[in-house]
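Chemist: Those letters in the sequence shown? Residues 243 to 517, by the numbering used here.
Even for Gly, the Cβ is constructed at its ideal location relative to N, Cα and C.
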Amino acid sequence: MIDTHCHLDLRQFDADREAVIERAAAAGVWAIINPAIDLASCRRALALADAHPGVYAAVGVHPNDCGDFSEETVGALRELAQHPKVVAIGEIGLDYYWERVPHDRQQRALRSQLALAAELGLPVILHARNAPAPDAPSCNADLLHEIEQWAQRTPRATSGIVGVWHAFSGALAEAQRAYAAGLVLGLGGPVTFQNARRLHALTPQLRLDRLLLETDAPYLAPHPYRGQRNEPAYVPLIAQSLARLFGTSVDNVVQETEATTHRCFGIGGLLPGAA
Ligand code: NI
């Protein structure tokens, strides 16, 4: 299994990072993608990728950290992205929940980083979090608008996949628009929550061949660890919940998601026994 979204570089792992990587491997999670949130995080993720064969990095600036995003930031990201273990531009997107940066600034930083991904031929790792008020502007709608504009003028990779909408929690119609734009969806801890009725109803209507496994660790720990620190060793719990929701085997979920991970990021994708 591959954890396609784990913030391994954050301080929550400072005390036991090596043990976390070892527990992941022991649980069958042989690769981890560490998306960055700002330039310092990019450098930490690349240092981890240098030190660990199974760790890969995405470089980018998170919407909550893009307050001082500039052309200089783009230049720095372009240089960092030359590292051979950079598999994506991310984590980028829009966040109307925390409102740390005005929407128009978030949108400009997103557009610049989408353009950089197209220039470098890299997929993107997307974040969208809606405001709590139901009548607030929809972050998902704005993200889809940006992605559709970008996808129209960007030549599609041979895989047909341009990136992942991580921690997807939108509606079915939004998932379908995301597929049409060339995105796959990342699902993690929330699918295991016992009271996640809406997500449990939605998930079997999603395409199993357009899903990625992710933890978003240290956040969003799956049941029965909800509320505690999350870690990549918990990916099997997510695969088990998805297998139940789709009415299929864990092996099938692992094979499908790993094939999609390979199409998206160019890592993994071997069928069992093919190694
Ligand atoms: Ni994240």
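Cβ atoms of I274 and L250: under 8 Å apart, would you say?
Modeler: It is a contact, given that the beta carbons lie within the stated cut-off.
Chemist: Compare the C-alpha of A463 against each of R452, Y476 and L455 and name the closest.
Modeler: The residue with the shortest Cα to Cα distance from A463 is Y476.
Chemist: Would you kindly check if the distance between the Cβ of P474 and the Cβ of A318 is under 8 Å?
Modeler: No, these two residues do not count as a Cβ contact at 8 Å.
Chemist: For the ligand NI, is there a heavy atom less than 7 Å away from the beta-carbon of E473?
Modeler: Incorrect: E473 has no Cβ contact closer than 7 Å to the ligand NI.
Chemist: Could you have a look at H537 and say whether DSSP puts it in helix, strand or coil?
Modeler: Shown here, the chain extends from 243 to 517; a query on residue 537 therefore has no answer.
Chemist: Quick one: does the C-beta of D493 sit closer than 7 Å to a heavy atom of the ligand NI?
Modeler: Every heavy atom of the ligand NI is 7 Å or more from the Cβ of D493, so no.
Chemist: Quick check: what's the CA-CA separation for A409 versus R398?
Modeler: Taking the straight line from one Cα to the other gives about 23 Å.
Chemist: Under three-state DSSP, which class holds V404?
Modeler: V404: coil per DSSP, three-state reduction.
Chemist: What is the residue span of the alpha helix (DSSP H) that Y421 lies within?
Modeler: Counting along the chain, the alpha helix (DSSP H) containing Y421 begins and ends at L414 to A422.
Chemist: In the DSSP assignment, what residue or residues form a beta bridge with C248?
Modeler: A459, per the DSSP bridge assignment.
Chemist: Quick test of the definition: if touching needs 3 or more C-beta pairs under 8 Å, does the region 307-318 touch the region 244-264?
Modeler: Judged by Cβ distances under 8 Å, the region 307-318 makes no contact with the region 244-264, as fewer than three pairs qualify.
Chemist: Please report the distance separating the alpha-carbon of R286 from that of Y298.
Modeler: C-alpha separation (whole angstroms): 11 Å.
Chemist: By how many angstroms is the C-alpha of I334 removed from the C-alpha of V366?
Modeler: Whole-angstrom Cα-Cα distance: 8 Å.
Chemist: Per DSSP, what kind of secondary structure is N494 in: helix, strand or coil?
Modeler: Reduced to three states, the DSSP call for N494 is helix.
Chemist: Quick check on this structure: which residue in P379, I403 and E264 has the alpha carbon closest to the alpha carbon of I389?
Modeler: Cα-wise, what sits closest to I389 is I403.
Chemist: Alpha carbon to alpha carbon, how far is G508 from A422? Give it in angstroms, no decimals.
Modeler: Each residue's Cα considered, the two are about 21 Å apart.
Chemist: If you drop the 5 nearest sequence neighbours on each side, which residues of the same chain put their C-beta closer than 6 Å to that of C284?
Modeler: The residues are A278, V301 and L322.
Chemist: Tell me whether N382 sits in a helix, a strand or coil according to DSSP, three-state version.
Modeler: Three-state DSSP puts N382 in a helix.
Chemist: Answer yes or no: do H465 and T434 have a C-beta to C-beta separation smaller than 8 Å?
Modeler: Yes, they are a contact pair.
Chemist: Between which two residues does the beta strand (DSSP E) containing E473 stretch?
Modeler: Here E473 belongs to no beta strand (DSSP E), and DSSP marks it neither H nor E.
Chemist: Suppose the cutoff is 7 Å on Cβ atoms and the five residues either side in sequence are ignored; what does the same chain contact list for G412 look like?
Modeler: Hits under 7 Å: N382.
Chemist: Using DSSP's beta-bridge definition, name the partner residues of D337.
Modeler: BP columns for D337 point to R371.
Chemist: Distance check for A481 and V406, CA to CA, integer angstroms please.
Modeler: Near 17 Å, if we compare the C-alpha coordinates of A481 and V406.
Chemist: Near W392, which residues of its chain fall below 6 Å by C-beta distance, leaving aside the five closest residues on each side in sequence?
Modeler: Hits under 6 Å: L356.
Chemist: Does the Cβ of D458 lie closer than 7 Å to at least one heavy atom of the ligand NI?
Modeler: Checking every heavy atom of the ligand NI against the Cβ of D458, one is found closer than 7 Å.
Chemist: Helix, strand or coil for G428 per DSSP?
Modeler: Reduced to three states, the DSSP call for G428 is strand.
Chemist: Put E260 into one of helix, strand or coil per three-state DSSP.
Modeler: Here E260 sits in helix by DSSP.
Chemist: According to the neighbour-count rule (16 or more other Cβ atoms, all chains shown, within 10 Å of its Cβ), is G428 buried or exposed?
Modeler: Per the 10 Å Cβ criterion, buried.
Chemist: In angstroms with no decimal places, state the Cα-to-Cα distance between V262 and D493.
Modeler: So the two alpha carbons sit approximately 24 Å from each other.
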